[in-house]
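**Q** Provided herewith is a single structure, encoded as structure tokens, for subsequent inquiry.
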Amino acid sequence: MEITLKPTSSPQRASSPSSTAAHPRRTLRLRPLLLIPVFVILIVVMLYVVTDGQKQLEAAYFVGEMDNLTVAYDQVITGYQRSAQIIYNEIVNQPEVLSLVAQANGAAEEEQSESRAALYDLLIEQYRRLETLNLRQLHFHLPDNTSFLRFHSPENFGDNLTNVRFTIMKANSDLVPVVGFEEGRIFNGFRYVFPLFYDEQHVGSVETSVSFSAVQADLNESLPGASNFMIRSDVVQATVFQDQQSNYVVSDITEAYAYDRPVLEAFTDEDLSWETIQSINAALDEAVVTRLEAGETFSTALTVDGVGYTATFMGVDNFLGEHVAYVLAYKADSLIPSSRAGLVVTQASIIAAGLVIVLALVYLDRSTIFINRQRDQLAAQNTRLEQTNTALDAARHQAEAANQLKSQFLANMSHELRTPLNAILNFTRFVSEGMMGEVNEVQVETLGKVGDNGKHLLSLINDLLDISKIEAGQLKLFVEDDVNLSKEFNTAADVAQSLLADKPVELVKEIDADLPLIVSDRRRIRQIMLNLVSNACKFTQAGKVTVSLRRSGDELIFSVSDTGPGIAPEDHELIFETFRQAEQGLKHGGSGLGLPISRRLAVILGGRLDMESAPGKGAVFTLHLPIASDALVLMKHDQDSLVPA
11 MEITLKPTSS PQRASSPSST AAHPRRTLRL RPLLLIPVFV ILIVVMLYVV TDGQKQLEAA
71 YFVGEMDNLT VAYDQVITGY QRSAQIIYNE IVNQPEVLSL VAQANGAAEE EQSESRAALY
131 DLLIEQYRRL ETLNLRQLHF HLPDNTSFLR FHSPENFGDN LTNVRFTIMK ANSDLVPVVG
191 FEEGRIFNGF RYVFPLFYDE QHVGSVETSV SFSAVQADLN ESLPGASNFM IRSDVVQATV
251 FQDQQSNYVV SDITEAYAYD RPVLEAFTDE DLSWETIQSI NAALDEAVVT RLEAGETFST
311 ALTVDGVGYT ATFMGVDNFL GEHVAYVLAY KADSLIPSSR AGLVVTQASI IAAGLVIVLA
371 LVYLDRSTIF INRQRDQLAA QNTRLEQTNT ALDAARHQAE AANQLKSQFL ANMSHELRTP
431 LNAILNFTRF VSEGMMGEVN EVQVETLGKV GDNGKHLLSL INDLLDISKI EAGQLKLFVE
491 DDVNLSKEFN TAADVAQSLL ADKPVELVKE IDADLPLIVS DRRRIRQIML NLVSNACKFT
551 QAGKVTVSLR RSGDELIFSV SDTGPGIAPE DHELIFETFR QAEQGLKHGG SGLGLPISRR
611 LAVILGGRLD MESAPGKGAV FTLHLPIASD ALVLMKHDQD SLVPA
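With the numbering used here applied, the sequence shown corresponds to residues 11 to 655, in that order.
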């Protein structure tokens, strides 16, 4: 781009050759190299946008995981609260039970012992039945918070629980039922404490408690994956009887927390084994440990041995509102790891596109310098030789026209990747064909490489956009009721013929006569056919490639077979996964998106894409398409509808 400044003519003097020589034209030129910072900023902005989008996706997903665990946990605890109420109503709140607790109030130690033994004999059978229903504790206390009878540990009694068990203190002081998680002298659990009355007098309280083993079993039934529980180690050390602390095991995540040993010993889950959970815990980073020690509730995603997992940590507060424990939920989940892999590919594509643009601008800058140098030489000759003014003006206009094309090319570059790439490819062709001045063979060869790489990058971006639209449920079809697959077959066969022109490979075409027209999307069918034909031609170095089209019942079947190297059984599904390729595919390059897109498009069109192959025996890809699909017929009447992901 250039701006030409002409001197202002004096009304007293007419221009002449001598005045022209005395006042040469001054030119301000914008070098393409100066545009590189603009594109660098654009690339940085695009990288920020896609990275921020990934962060928002993960944040929303993790919030959903935490909500799911919280809801399931609340439902389980509420269910056990109802069970505790039933136990209180049907078993504890009975005259023969209450009278024994009342007799112990203020009685001598020997009388208390007799009441304790009578109460134990009265309820022990019921307690053992309740144990099978996940009841962990049945614990009676006197009004002054003294432990009267622990059915789970009858030899431990007489210890005062004031300032140790606040749920018991609350029930005995306010005379109301109390619910909450609380640490204990023997076990920690979810407590349900009820005050006891006999002849309208407060005689003590009773506590039922549920272990996390029961909660864990219920959570595993309502949520995928597996769950666990851990409590702060300092709480265990400060609260639990010394001879009972062996019931806890230091967590493999951080020494600040401990597992409930009975939970570990009874751990069983069909979704995840304890060994798998240990591998997940070992892969957690220091940031997770820091958040756990701070008592945060959060979710995180990670990959272990190639498998994606989500781990959710829900903080549990005790009756006093202090953070004391965690409920942990694990499940196999590849969504976040897959989206992170997609983010890396997108970032790499953006950076690659930026490098192509920068290289093109560098080349354009060098070309501009050369053109400007020639223009300056012509301008100097113009001031010396008036007789060549006409030729020089024509050259100047031609150069200005070339600059105008270049400026238009730069101005039309948009924020989207495909627009600047298409412009780069077109402009590269203009320069290569000599439309902007003479170029030598080395320059032509270099421009050819730029064009080839640009086309490859454009194809990659198109594939990325297609797969992104499909996975996001943003794909639109253009459905017609007169799609002629015979015509699309011939187009694909012509492409195969051109791809095999330089290879000792025979192309065999087989097509049934009088095939019916079908209801479908013509362009997407052609995309699938060309993907399959291109793959067969790329991997077949000798032998033959056979393409066929036939009718079978209510379907039309398009098939491509080759005599290439074949595909190992373990790679049969891998080649249909996004961004995955078999060993042969890695040798021949490509994005790894052609087959995944083709299979998903086949399903979207109401059909399917099958594959048969073995090493050394080539491969056969078969596309089944319905002649008429009810879903596509409905979509034809609403062409703006989106195909669900």
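A virtual CB, placed ideally from N, CA and C, is assigned to each residue, including glycine.
CA-CA distance, Phe158 and Arg126?
**A** Distance between the alpha carbons of Phe158 and Arg126 is about 7 Å.
**Q** Can you name, in chain order, every residue of its own chain whose Cβ lies under 6 Å from the Cβ of Met445, other than the five neighbours on each side?
**A** Counting only Cβ-Cβ distances below 6 Å, and skipping sequence neighbours, we find nothing.
**Q** May I have the straight-line CA-CA distance separating Gln507 from Leu365, to the nearest angstrom?
**A** In a straight line, the C-alpha of Gln507 is about 35 Å away from that of Leu365.
**Q** Are the stretch 88-106 and the stretch 131-151 in contact at 8 Å, needing three or more beta carbon pairs?
**A** Yes, they touch.
**Q** When the Cα of Gln255 is compared with those of Glu443, Thr264, Asp244, Pro526, which residue comes out closest?
**A** The shortest Cα separation from Gln255 among Glu443, Thr264, Asp244, Pro526 belongs to Asp244.
**Q** Quick check: what's the CA-CA separation for Ile178 versus Tyr137?
**A** Distance between the alpha carbons of Ile178 and Tyr137 is about 20 Å.
**Q** Within the same chain, show all residues whose beta-carbon is closer than 8 Å to that of Asp169, passing over the 5 residues directly before and after it, in chain order.
**A** Excluding positions up to five away in sequence, the list reads Thr156, Ser157, Arg195.
**Q** Would you mind giving the Cβ-Cβ distance between Phe631 and Val557, rounded to the nearest angstrom? I have them listed as a contact below 8 Å.
**A** Going by Cβ atoms, the distance from Phe631 to Val557 rounds to 10 Å, so no, they are not a contact pair.
**Q** Under 8 Å, do Leu487 and Arg536 count as touching if we go by C-beta distance?
**A** No; because the gap between Cβ atoms is not below 8 Å, this pair is not in contact.
**Q** For Val213, is the classification buried or exposed, using 16 other Cβ atoms within 10 angstroms of its Cβ as the cut-off for buried?
**A** Buried.
**Q** By DSSP's criteria, Leu171 is part of a beta bridge. Which residues make up the other side?
**A** Beta-bridge pairing links Leu171 to no other residue.
**Q** Give me the Cα-Cα distance between Gln391 and Val55, rounded to the nearest whole angstrom.
**A** Cα to Cα, the separation comes out at about 47 Å.
**Q** Tell me the rounded alpha-carbon separation between Gly290 and Phe308.
**A** Reading the sequence as shown, one finds Ile at residue 290 and not Gly. Approximately 16 Å, taken between the alpha carbons.
**Q** What is the rounded straight-line gap between the Cα of Val186 and the Cα of Asn78?
**A** Spanning the two alpha carbons is a distance of roughly 31 Å.
**Q** CA-CA distance, Leu633 and Glu520?
**A** Going by the C-alpha atoms only, they are around 15 Å apart.
**Q** Should Arg609 go down as buried or exposed, given a rule of 16 or more other Cβ atoms within 10 Å for buried?
**A** Buried: at least 16 other Cβ atoms inside 10 Å.
**Q** Note down the Cα distance separating Ala638 from Val529, rounded to an integer number of angstroms.
**A** Taking the straight line joining both Cα atoms gives about 5 Å.
**Q** In its own chain, which residues sit with a C-beta less than 7 Å from the C-beta of Thr310, not counting the 5 before and 5 after it?
**A** Contacts found: Val298, Ala321.
**Q** When we look at the beta-carbon of Gln226 and count the other beta-carbons within 10 Å, is it buried (16 or more) or exposed?
**A** Buried, by the Cβ-count rule.
**Q** Note down, in chain order, each residue of its chain lying with its Cβ closer than 7 Å to the Cβ of Val368, except the 5 sequence neighbours on either side.
**A** Contacts found: Ile46, Phe49.
**Q** Expressed to the nearest angstrom, what Euclidean distance is found between the alpha-carbon atoms of Thr400 and Leu43?
**A** For Thr400 and Leu43, the distance between alpha carbons rounds to 32 Å.
**Q** For Pro636, write down the residues that DSSP places opposite it in a beta bridge.
**A** Glu565, per the DSSP bridge assignment.
**Q** Hey, could you find the ends of the alpha helix (DSSP H) Gly352 is sitting in?
**A** Here the alpha helix (DSSP H) through Gly352 covers 345-394.
**Q** Beta strand (DSSP E) containing Thr218: first to last residue?
**A** Looking at the DSSP string, the run of the beta strand (DSSP E) that includes Thr218 is 211-220.
**Q** Near His647, which residues of its chain fall below 6 Å by C-beta distance, leaving aside the five closest residues on each side in sequence?
**A** Hits under 6 Å: none found.
**Q** Helix, strand or coil: how does DSSP classify Glu583 here?
**A** Coil.
**Q** Would you mind listing the beta strand (DSSP E) stretches within the stretch 273-320 that are 3+ residues and don't spill past its ends, in chain order?
**A** With a minimum length of 3 residues, the continuous beta strand (DSSP E) runs that stay inside the stretch 273-320 are 308-314.
**Q** Buried or exposed, going by whether 16 or more other CB atoms sit within 10 Å of the CB of Ala114?
**A** With 16 or more Cβ atoms within 10 Å of its Cβ, Ala114 is classed as buried.
**Q** Give, in chain order, every unbroken run of the beta strand (DSSP E) that is at least 3 residues long and sits entirely within the stretch 487-568.
**A** Counting whole runs of 3 or more residues, the stretch 487-568 contains the beta strand (DSSP E) stretches 490-493, 515-521, 528-530, 553-562.
**Q** Please state the DSSP three-state secondary structure of Phe161.
**A** DSSP places Phe161 in coil when its eight states are reduced to three.
**Q** Out of Asp375, Gln551, Arg376, Ala404, point me to the one whose CA is closest to Ala389's CA.
**A** Checking every option, the nearest Cα to that of Ala389 belongs to Ala404.
**Q** For the beta strand (DSSP E) that contains Tyr267, what are its first and last residues?
**A** Start and end: 267-270.
**Q** Run the CB neighbour count on Asp640, radius 10 Å, all protein chains shown included, and call it buried at 16 or more, exposed below.
**A** Its Cβ having fewer than 16 others within 10 Å, Asp640 is exposed.
**Q** Measuring CB to CB, does Leu274 end up less than 8 Å from Val250?
**A** In this structure, Val250 does not lie closer than 8 Å to Leu274 by Cβ.
**Q** Roughly how many angstroms separate the alpha carbons of Asp315 and Leu635, rounded to a whole number?
**A** In a straight line, the C-alpha of Asp315 is about 38 Å away from that of Leu635.
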